[in-house]
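Note that the protein sequences, when read in sequence, are chains A and B.
For the record, in the first sequence the residue sitting at position 225 is 232 according to the numbering used here, with numbers rising by one throughout.
For the record, in the second sequence the residue sitting at position 340 is 1410 according to the numbering used here, with numbers rising by one throughout.
We put the beta carbon where it would ideally sit given N, CA and C, even for glycine.
Comments concern the structure below.
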Amino acid sequence: MRNSYLVYLLLAGLMMTLLMVACESEAEGETEPSETDFTDLLTNQVNEIIIPTMVTYQEKMSDFASAVNSFASSTDEDNLASVRTAYQEAYLAYQATAVHNYFATANQNLIRTTNLFPIDTDLLANLIENESYNFRTSAQERANGFPVLDFMLYGSADGLAYFQENAKRLPFLQALVDDMKAKSDALVEGWSGSLKTNFVENGGTDLGSSISVQLNESLIYYEDHVRENKVGIPIGRLGPNDSPIAADATKIEAYYQSQSEGNESFTLALLKAAVEEMEDLYLGRTTSGTDGAGYDDLVTTRQPSISTDIKAQYQAIFDEIQNRTSVSGDDALYEKVQELITLYKSDLFPILNVQDADGANDGD
Amino acid sequence: MSRIENINTYLSQPVSIAPLVVFRIAFGSLLLYSTIRFAQQGWIHTLYIEPQYHFGFFPWLKPLSGNGMYFVYLLLGVSALGIIIGLLYRASTTTFFILFTYCELIDKTYYLNHYYLVSLLTFWLMIVPAHRWYSVDSVLFPKLKSAYCAHWHILIFRVQLSIVYFFAGLAKVNLDWLFRAQPLATWLPGRYDLPIIGDWLHLKEVAYLFSWAGCLYDLTIWMLLWIRKTRGVAYFFVLVFHILTAILFPRIGMFPYIMITSTIIFFSPAWHQKVLSYLPFSRFFATDESLRPAQIARSPYIAVLLGLYLLLQLYLPFRYLHYSGNLFWHERGYRFSWRVMLMEKNGYTSIIVRDPKNNTQKEIEQDNYLTPFQKQQMRSQPDMMLQFARYVGDQFQTEHGYRPEVYVKSRLSLNGRRSQPFTNDTVDVYNADNPLKYNWILSLTE
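Here it is, written out as structure tokens:
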């Protein structure tokens, strides 16, 4: 008797498991809305921040490509000046785009093909000389995107002569900009389709949820590219142990322009644009400047001091950028940029019930 | 003297071997499944081959080079199979125990309480004669065959599992767990998309309910499993509890299944005999029902040795009392104590190397040395911070010929508290007199 009783219990347990597993796979998307749905937040993110950001970048790249084409048909100082202006606007627009390095953006491998610096000038010279280039390969990572444009547009004492003295340079410029433009088109397309809907429906804060992916990936971008590439490496503050501890100003973003113009104001403007996009994401601030549903609203209702601290930290970074004429110098900029990462990881993630995506492995 | 004698008699009493045999088959199957799953997830590569640095429990213990680790896991799989079918049982269990424990000791990053449990259980499998019935060995070597084993061969597993539950429950008796419902209040809302219960998971009340129920469960379930009258109901709760945790926290991996499988050893011999009778070839073995109790080894040391093991098992979870401060914060004496799912600890830790000659300093880019998983585990564990700090310090010294200074700068949050500084970043841990005293770890201010 006892034994059959136990067998029944076992069966009951098994059936319950099956039931729950079955329900789990069925119930996607039909959960009742609750405060954990984050529909408002995600809708605002995708419609008012992410996609407009991509569209702006697409427009700027389109303008840039036209300017380059005019320059190709009539290679003069005026057209070079418009190319330079269009380049700067596109580069600034790119900064906001790169922060959203997840889903469609990550699929485009945007960052690694668009903004790895410093570039390898020998590699670039070879590519131009041999007239063989593929802007989508990792072999060309160090001669691609905006840092190459920075070199081509600002790297010579006489910008016009640089293109005139070697007929292979202009076609390279055109091909590069066309490819970047094609990628910006693909970005807008990638974000506009089903992804737009899926992004909003992929609620919750679990690993793989839109919120978890967005927070983790944007922070990884901020760590690796804002803190490290834009600040830490040029000032010699961060790097592997076996590399010399030394600042190297040639490693800053838009280095050739800073040399040509004798100041780092554009470099600092690029940095500021990247941090501003991070802040927009946090505040839910739309591209038109409206304060929509953002993480700050969630945090403020749960633990206001965290939001106060995060906002203050953004302000501290902007103040520091404002007060500087150069990325190099003391560690203050680095420290302030870094402190935001610490706040995100130690305070923001837990209050939002978001796990750090590092170490997605068994735990207990 | 006679009391020990009595205990020895009790421990050596011949009892039906069926529970042990069923345990061998069930647990062995789980070992085989885990090994295959581990390989399928690609973890052999990502955990043992990819990392260039390991937080070894012993500095000399390294993963094998080349395809060595694949071979280790192949052997683990083969020996798990040997355990299931009882083929070359002693060799299989010994191989599994040694290799599995070796793999776990390679890197603190991978430490899991249930891996530790697997090591302990396979250790005891290696000692007990679980292959004397319903096994290939008992066919190949008929002399081995016996329908009986000593009472302690089964008791040891029950006691071990009881220890796991009891200490897991005791560890939950703390302010964070019971009176703040942390870390469950942080984790549960993330599972809002589960059916039925999902909508309730963001409620504080639910976090409290789960916390108290979980604590009560761990503290009492093992007793209910021991008592014959309550065993059936207790096992029902074992199923409900562990399946629920598996659904709520997919990342705990094999743990629920290990407990669900292992606790069947509490069932009566009759139940296990019935299970065996359903298995293939059972009639072949059943013909030997009349087999008499085999010679049960009766060593006077058994009681003493088991007692010592028990003492060690009781001591380890309490060793944290040697250290002052909040255990969850400093984590000294945290491992090997059945503390599961007690902490949500987050933050950022940087290792800073300072060159005293050139008066320059640099934060180590951890990605150049550590995998994300290693980075994440080091972030909150002082012994790993120190280990890594020493490693980069040594590396600097080899490179430059003089000692650098190494600082650890860390800020963490624990169980829903605001973040606070974790280390005194003015202490040069590389040159400090006794960094193992961990006085460079700041205490938690509530």
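Closest by C-alpha distance to residue i, when choosing among the options
i, options, result
"V1308/B", "I1322/B, L1157/B, F1336/B, G1323/B", "F1336/B"
"N1183/B", "F1237/B, V1374/B, V1276/B", "F1237/B"
"C1285/B", "S1347/B, E1516/B, W1247/B", "W1247/B"
"D287/A", "D47/A, G211/A, I57/A, Y94/A", "I57/A"
"I1233/B", "V1374/B, D1495/B, T1333/B", "T1333/B"
"Q52/A", "D326/A, S295/A, Y341/A, S81/A", "S295/A"
"D378/A", "L214/A, G152/A, Q95/A", "What the structure shows of chain A is the stretch from 8 to 371, and residue 378/A is not part of that stretch, so it cannot be assessed."
"G1126/B", "N1078/B, G1152/B, M1455/B", "M1455/B"
"T1496/B", "L1506/B, E1475/B, L1482/B", "E1475/B"
"A1281/B", "Y1327/B, R1321/B, T1315/B, L1397/B", "The amino acid occupying residue 1281/B in the given sequence is Ser; Ala does not appear at that position. The shortest C-alpha separation from S1281/B is found at T1315/B."
"K352/A", "P1426/B, S1480/B, S1394/B, W1408/B", "S1480/B"
"Q264/A", "A74/A, E66/A, R91/A", "R91/A"
"L1318/B", "F1166/B, R1261/B, I1155/B, S1082/B", "R1261/B"
"G197/A", "I227/A, P59/A, L134/A, S333/A", "P59/A"
"L278/A", "A319/A, V306/A, Y228/A", "Y228/A"
"D154/A", "V106/A, Y98/A, T112/A, G200/A", "The residue you asked about is not Asp; residue 154/A is Pro in the sequence shown. Looking at the Cα atoms, Y98/A is the closest of the given residues."
"I242/A", "R1250/B, T1430/B, S1352/B, H1342/B", "T1430/B"
"Y1204/B", "S1347/B, Y1278/B, I1322/B", "S1347/B"
"S1189/B", "Y1218/B, L1231/B, W1222/B, D1498/B", "L1231/B"
"E260/A", "R244/A, Q181/A, N122/A, D186/A", "N122/A"
"E271/A", "A254/A, S73/A, T332/A", "T332/A"
Closer than 8 Å at the beta carbon, the chain A residues around residue i
i, result
"W1257/B", "N360"
"Q1110/B", "Neighbours of Q1110/B on chain A: none; closest Cβ ~13 Å, over 8 Å."
"R1481/B", "T349, S353"
Any C-beta of chain A under 8 Å from that of residue i
i, result
"G1519/B", "Chain B is shown from 1071 up to 1516; residue 1519/B falls before or after that span and cannot be answered."
"S1489/B", "yes"
"E1435/B", "yes"
"Y1123/B", "no"
"P1212/B", "no"
Minimum Cβ-Cβ distance from residue i to chain B less than 8 Å
i, result
"P311/A", "no"
"E31/A", "Only weak support exists for where E31/A lies, its pLDDT of 46 falling under 50; the value from the coordinates is given anyway. Closer than 8 Å: yes."
"I259/A", "no"
"K343/A", "no"
"G301/A", "no"
"G336/A", "no"
"G210/A", "yes"
"E39/A", "Its pLDDT being 37, under 50, E39/A is placed unreliably by the model, and the measurement read from it follows with that caveat. Yes, its Cβ sits closer than 8 Å to a Cβ of chain B."
"A34/A", "Note that A34/A scores a pLDDT of 41, beneath 50, so its modelled location is shaky; the value from the coordinates is reported in the next line. Yes, A34/A lies at the interface with chain B (some Cβ there is under 8 Å from its Cβ)."
Local Cβ density within 10 Å of residue i, reported as buried at 16 or more and exposed below that
i, result
"S1149/B", "buried"
"G273/A", "For the record, residue 273/A in the displayed sequence is Phe; it is not Gly. Its Cβ being crowded by 16 or more others within 10 Å, F273/A is buried."
"R292/A", "buried"
"L1412/B", "buried"
"F1458/B", "buried"
"A1220/B", "buried"
"A29/A", "Confidence in A29/A is poor, its pLDDT being 45 and thus under 50, which makes the residue's placement too unreliable to answer from."
"D165/A", "exposed"
"V1374/B", "exposed"
"Q362/A", "buried"
"V1243/B", "exposed"
"W1130/B", "exposed"
"P1426/B", "exposed"
"I1297/B", "exposed"
"L1506/B", "exposed"
Residues that residue i contacts on chain A, provided the C-beta gap is smaller than 7 Å
i, result
"K1432/B", "G243, R244, L245, G246, I252"
"R1261/B", "D213"
"G1486/B", "P357"
"E1414/B", "P357"
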